[in-house]
Structures are given as C-alpha cells and as structure tokens.
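Participant: Attaching a single structure in structure tokens format; questions to follow.
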Amino acid sequence: MVRKRSRSLASELMKHDELNPVSLMGFYRRYGRHILRGLAIVYLAFPAVFFYSLRFRQIMIFGAFLTWPFHDYTKPNEYGLPHSKNFYVNSVGDIRLGVWYIPPKGIWEKLSSQNSGREPQPWMLDDNRPVIIYYHGHGQCRACDYRVGLYKTLTQSEELDAHLFTFDYRGFGDSTQVLPDREGLLHDSTVMFDYVRKLIKKNDSRILVWGHSLGTGVAVQLIEAFTELHRSPMGVVLEAPFNSLSEAASKWPISMPYRALPFMQKVVESVTNKLRDDDETFYETEQLAPSVNVPLLMIHSTDDALVPYELGQKLLRTLRVLAKGPIHFYQADDSYSLGHRYIFRDPKVKEVVADFIRRYGNVSMPAPKESAGRLEESSASGMRDAEPSANIEDGADSATVGDEGFETSEGAPGKSIESHDIPGDEL
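Right, here's the structure in full:
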C-alpha cells in the first residue's frame with residue numbers, strides 16, 4: 001500500500017516538474033505572447049510619457065528616488081569619516097537639507113581633545129585650509145560609496161587635507177521630500193554656499209565649488225548667480241561634465257534600445273529636446289559659458305559610459321571661446337577603470353586639484369612631497385591651460401614646462417590636453 005502511494009506521488013511530481021522541457025514549451029506558448037506584448041507597450045509608452053509628462057521628466061532627470069541601500073545619515077563616522085558631523089540647514093520654502101561636515105585629517109587630533117558640538121564651529125575652520133563644497137549628481141545621496149571615496153581623497157590625502165561640506169538637495173537623502181527641480185536645487189546650492197561662507201568669515205577665496213555630473217550643471221548655474229550676489233569662490237571643479245543635458249540624456253544607456261533602430265532616433269531627439277523647453281529641467285551648460293568668470297578645472301575620463309567624454313570636450317571648446325576666466329582640463333587615466341563615478345582612483349587627481357588650489361586660492365596647503373620645481377613640472381603634465389599661460393598666477397609657464405616632461409599626443413591617459421589642440425571634427 002505504501003509503495004503504491006509512493007509511486008503515484010512520484011508520477012504526479014513528474015507531471016508537474018517545472019524542468020520538464022515539454023512543460024516549458026507549453027509555458028512559452030501560453031504566456032510568451034503576453035510577455036512580448038507587455039514589453040512592446042513599455043517600449044512605446046516610455047518615450048510618450050517622458051514627452052508629455054513634466055513630472056515624469058523630473059523624476060527621471062534627478063533620480064532622487066534612487067537611494068539603495070538605505071543609509072544612516074546620523075553616523076558619518078561609520079563610513080570611515082572620523083570626527084564628521086551630520087546636521088541640517090534650512091533652505092528656501094521650508095526645506096530642510098541634510099548636511100555632512102567632514103574635517104581634514106590634519107585637525108583630527110585637535111577635534112578629539114575638544115568638545116566640538118553637533119554642528120561645525122568657526123574655530124574648526126580657522127586654519128586657512130581650503131574648503132570644498134560638493135554638489136552631487138543624479139540619484140543616490142551624500143552617503144553612497146563612490147561619493148564617500150571622493151570625500152576621503154579630498155580630506156585625508158596628504159596633498160589636499162581640505163575641509164569638505166556635502167549635502168543632499170531637496171528630495172534626496174534625508175532632506176525634505178519634495179519633487180526636485182532646477183530652481184529648487186539652485187536655491188539649496190546657494191544657501192549651502194552662504195552657510196559655509198559665514199563660517200569662514202566671508203573669505204570666498206578659500207572655497208572651492210565641486211560639481212559632479214548633474215552637479216556640474218548646478219555649479220555653472222551657481223557661478224552665474226554669484227555675479228549678482230557678489231560671491232567669488234577661488235574656483236570650480238567640474239567632474240564628468242556635459243555641454244547640454246538634453247544631448248547627454250539622448251546618449252544615456254536607457255535610450256540604447258531606441259537609438260539602435262534608425263526610425264526611432266528622431267523620436268529620441270524630439271523627446272530629449274523637451275528638457276530644453278522646461279525651466280524645471282533646463283541644464284544647457286554651454287549656453288552659460290559667457291557667465292564663467294572664475295578659474296575652472298574640468299576632469300573627465302574617456303571610459304565614462306554615462307556622460308560620454310565627447311560631451312565634456314564640446315563644453316571645453318565652448319568655454320575656451322566664451323568664458324572670462326582661465327580654463328583647465330585634466331584627462332583622467334582610464335586604466336584605473338574610473339568610469340563615471342570613480343575619478344578619485346587616479347592618483348594624479350589629488351596633485352592636479354592641489355596645484356589648481358595653489359594657483360587660485362588664498363589658502364594654506366600641505367607642503368608638496370617633492371621640490372617645487374618638480375611639482376610644477378608634474379602639475380603641468382597633469383593640468384594644462386586652455387587659456388594662454390599669461391593667465392596663470394605666479395608666472396607659471398605651463399607650456400614651457402610641459403614641453404620638457406609632457407607627452408602631448410592627444411588622448412593619452414592621465415594627461416591633460418590643451419583645448420585648442422582638440423580637433424572639432426573628431427568628436
């Protein structure tokens with residue numbers, strides 16, 4: 001009796017075995033058409049919704065919903081950032097911004113011996129070190145791994161040892177949860193700049209603005225606003241910048257299934273051009289080039305798959321013609337697999353940024369590891385001027401030094417390229 005039951009149970013299992021090829025074929029016949037139909041609907045609906053819905057465009061462009069894994073923002077020390085502080089700053093429109101202050105390694109001992117409170121105090125920043133304000137890009141938050149990696153490079157390296165403030169715009173991280181837009185991000189960015197400015201007694205020449213990806217668009221709009229607000233930071237770093245958000249969006253990986261079909265390419269173009277029509281998503285950086293009147297350093301890697309290198313080069317050429325301040329460019333060494341997010345893996349980035357700060361900031365910097373002459377040669381081979389060398393303070397002639405120790409072949413990794421050496425027809 002028991003054997004009979006066992007045999008009947010085994011036969012039943014065989015009938016319903018999911019690995020049975022016959023069963024799988026039946027499943028495909030039954031549901032395959034429905035799956036393909038569903039994919040086709042999504043394929044056609046996505047560009048239509050993007051075109052007609054401003055709200056959907058804002059959700060996709062800013063990506064504030066993309067925060068994974070979840071983070072405990074109240075404990076920045078647990079991210080390898082000792083003596084850092086989590087606090088909040090009020091922005092325009094009853095918005096609260098989540099902020100981290102990350103002190104330089106050089107003052108850790110000083111902070112450990114004194115009660116510093118919950119928020120940064122003016123005495124913590126009275127050492128005349130550079131102060132970097134980081135404006136992040138699309139998606140995630142101030143606590144995500146690649147941003148933390150950059151913070152460590154800027155605050156814990158011997159070359160820089162800088163103070164750093166990083167924050168989440170409205171809608172991001174633990175800041176007030178509203179749908180972000182261009183004007184809101186500009187308000188938040190200005191409020192953060194003025195907060196830091198007040199802490200260091202309005203010494204703008206200590207502040208370096210650092211924008212990454214979408215944050216480069218925010219940073220350039222901030223420069224334009226500074227003209228009216230009478231603010232003058234020492235300079236601006238644009239990491240992985242684009243010339244036009246609409247053009248960058250047309251090249252995003254998510255658009256690849258559409259760009260692969262010739263008859264859909266015009267659809268992609270018309271859909272992404274909507275970003276130019278709305279003030280909420282207007283980040284056409286090259287149109288603001290005439291407003292750039294502060295020293296600017298661009299850093300980009302050729303293996304960037306999200307914001308293609310060629311878009312940064314287009315912006316570089318435009319800035320060289322129209323900007324009123326000196327423009328520098330550093331091509332990061334893509335042999336370190338930098339992509340869009342890991343520019344700090346290139347060990348020369350620290351030296352390039354340190355040299356930029358020495359040239360334009362009124363700050364105290366760590367002594368270079370090597371002699372001043374060697375450092376000048378090294379920095380010239382890492383960073384070259386898009387403007388004539390006469391624009392470089394302290395009379396540094398980067399072209400002369402560069403000819404001695406710099407391989408000027410275009411596209412060499414870890415080298416910089418003078419903007420007038422970049423042929424326009426190749427990009």
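For the sequence shown, the residue numbers in the UniProt record's numbering are 1 to 427. For every residue, glycine included, the Cβ atom is placed at its ideal position computed from N, Cα and C.
Could you have a look at residue 281 and say whether DSSP puts it in helix, strand or coil?
Facilitator: On the sequence shown, position 281 is the one that residue 281 refers to. Helix at residue 281.
Participant: Taking Cβ positions, are residue 217 and residue 283 nearer each other than 8 Å?
Facilitator: The residue you call residue 217 lines up with position 217 of the sequence shown. The residue you call residue 283 lines up with position 283 of the sequence shown. Yes. Within cutoff.
Participant: Excluding the 5 residues flanking residue 132 on each side, which residues of the same chain have their C-beta closer than 6 Å to its C-beta?
Facilitator: Position 132 of the sequence shown, counted from the start, is the residue given in the question as residue 132. Hits under 6 Å: 154, 162, 164, 208 and 210.
Participant: Would you tell me roughly how many angstroms separate the C-alpha atoms of residue 319 and residue 102, rounded to the nearest one?
Facilitator: Position 319 of the sequence shown, counting from 1, holds the residue named residue 319. Position 102 of the sequence shown, counting from 1, holds the residue named residue 102. Their Cα atoms are separated by approximately 32 Å.
Participant: Would you kindly check if the distance between the Cβ of residue 323 and the Cβ of residue 289 is under 8 Å?
Facilitator: Position 289 of the sequence shown, counting from 1, holds the residue named residue 289. Position 323 of the sequence shown, counting from 1, holds the residue named residue 323. Result yes, Cβ atoms of residue 289 and residue 323 sit closer than 8 Å.
Participant: Could you tell me if residue 35 is buried or exposed, where buried requires 16 or more neighbouring beta carbons within 10 angstroms of its beta carbon?
Facilitator: Here residue 35 refers to the residue found at position 35 of the sequence shown. Exposed, by the Cβ-count rule.
Participant: Checking 8 Å against the spacing of the C-beta atoms, do residue 100 and residue 33 come in under that value?
Facilitator: Here residue 100 is taken as the residue at index 100 of the sequence shown, counted from 1. Here residue 33 is taken as the residue at index 33 of the sequence shown, counted from 1. No, Cβ-Cβ distance for residue 100 and residue 33 is not below 8 Å.
Participant: Excluding sequence positions up to five away, which residues of its chain have a Cβ less than 7 Å from the Cβ of residue 151?
Facilitator: Position 151 of the sequence shown, counting from 1, holds the residue named residue 151. Same-chain partners within the cutoff: 81, 102, 164 and 166.
Participant: Among residues of its own chain, excluding the 5 on either side of residue 371, which ones have a beta-carbon nearer than 6 Å to its beta-carbon?
Facilitator: For the purposes of this step, residue 371 is taken as the residue at position 371 of the sequence shown. Legend: pLDDT at residue 371 = 39, less than 50; position of this residue unreliable, value from coordinates given subsequently. Correct list: empty, nothing qualifies.
Participant: Given a threshold of 16 other Cβ atoms within 10 Å of its Cβ, counted over all protein chains shown, does residue 260 qualify as buried or as exposed?
Facilitator: Taking the first residue of the sequence shown as 1, we reach residue 260 at position 260. So residue 260 counts as exposed.
Participant: Work out the CA separation of residue 342 and residue 42 for me, nearest whole Å.
Facilitator: On the sequence shown, residue 42 is found 42 positions in, with the first residue counted as 1. On the sequence shown, residue 342 is found 342 positions in, with the first residue counted as 1. Straight-line Cα distance between these residues: approximately 32 Å.
Participant: With 16 as the cutoff for other CB atoms within 10 Å, does residue 354 come out buried or exposed?
Facilitator: The residue labelled residue 354 in the question sits at position 354 within the sequence shown. Buried is the call here.
Participant: I think residue 117 touches residue 63, with their Cβ atoms under 8 Å apart; what is that distance to the nearest whole Å?
Facilitator: Within the sequence shown, numbered from 1, the residue matching residue 117 stands at position 117. Within the sequence shown, numbered from 1, the residue matching residue 63 stands at position 63. Not a contact, Cβ separation roughly 34 Å.
Participant: Could you name the residues that DSSP lists as bridge partners for residue 317?
Facilitator: Locating residue 317 in the sequence shown gives position 317, where the first residue counts as 1. According to DSSP, residue 317 bridges with nothing at all.
Participant: Going by C-alpha to C-alpha distance, which of 221, 105 and 232 sits closest to residue 203?
Facilitator: Residue 203 sits at position 203 when you count from the first residue of the sequence shown. The residue with the shortest Cα to Cα distance from residue 203 is 232.
Participant: Pop quiz: residue 363 and residue 182 are said to be a contact at Cβ under 8 Å. What is the actual Cβ separation, rounded to whole angstroms?
Facilitator: Position 363 of the sequence shown, counted from the first residue, corresponds to residue 363. Position 182 of the sequence shown, counted from the first residue, corresponds to residue 182. Incorrect: roughly 31 Å between the Cβ atoms, too far for contact.
Participant: Give me the residue from 115, 246, 108 and 263 with the minimum Cα distance to residue 277.
Facilitator: Within the sequence shown, numbered from 1, the residue matching residue 277 stands at position 277. Of the listed residues, the one whose Cα sits closest to residue 277 is 246.
Participant: With 16 other CB atoms within 10 Å as the buried threshold, where does residue 239 fall?
Facilitator: One-based indexing of the sequence shown puts residue 239 at position 239. Residue 239 comes out buried.
Participant: If you draw a straight line from the alpha carbon of residue 254 to that of residue 39, how long is it in whole angstroms?
Facilitator: Taking the sequence shown and counting its residues from 1, the one referred to as residue 254 is at position 254. Taking the sequence shown and counting its residues from 1, the one referred to as residue 39 is at position 39. Those two C-alpha atoms are separated by around 14 Å.
Participant: If you count every other CB in all the chains shown that lies within 10 Å of the CB of residue 404, and 16 or more means buried, which is it?
Facilitator: As a first step, residue 404 must be located in the sequence shown, where it is residue number 404. Unreliable positioning characterises residue 404 in this predicted model, as indicated by a pLDDT of 28, which lies under 50. A coordinate reading is not provided.
Participant: Who are the near neighbours of residue 84 in its chain, counting only those whose CB is closer than 8 Å to its CB and skipping five residues on each side?
Facilitator: Taking the first residue of the sequence shown as 1, we reach residue 84 at position 84. Excluding residues within five positions, the ones whose Cβ falls inside 8 Å are 76, 77, 100, 101, 102 and 103.
Participant: Residues in the same chain with beta-carbon distance under 6 Å from residue 174, minus the five sequence neighbours each way, listed in chain order, please.
Facilitator: Here residue 174 is taken as the residue at index 174 of the sequence shown, counted from 1. 73 and 98, listed in sequence order.
Participant: Pull the bridge partners of residue 96 from the DSSP assignment, please.
Facilitator: One-based indexing of the sequence shown puts residue 96 at position 96. Looking at the DSSP output, residue 96 sits in a beta bridge with 90.
Participant: Within 10 Å of its beta-carbon, does residue 52 have 16 or more other beta-carbons around it, so buried, or fewer, so exposed?
Facilitator: As a working mapping, residue 52 is identified with position 52 in the sequence shown. Exposed: under 16 other Cβ atoms inside 10 Å.
Participant: Are at least three pairs of beta-carbons, each pair with one atom in the stretch 184–195 and one in the stretch 261–274, less than 8 Å apart?
Facilitator: no
Participant: Spatial neighbours of residue 215 within its chain, please: CB distance less than 6 Å, with the 5 preceding and 5 following residues excluded, ordered by chain position.
Facilitator: On the sequence shown, position 215 is the one that residue 215 refers to. Excluding sequence neighbours, residue 215 sits near 135, 136 and 137.
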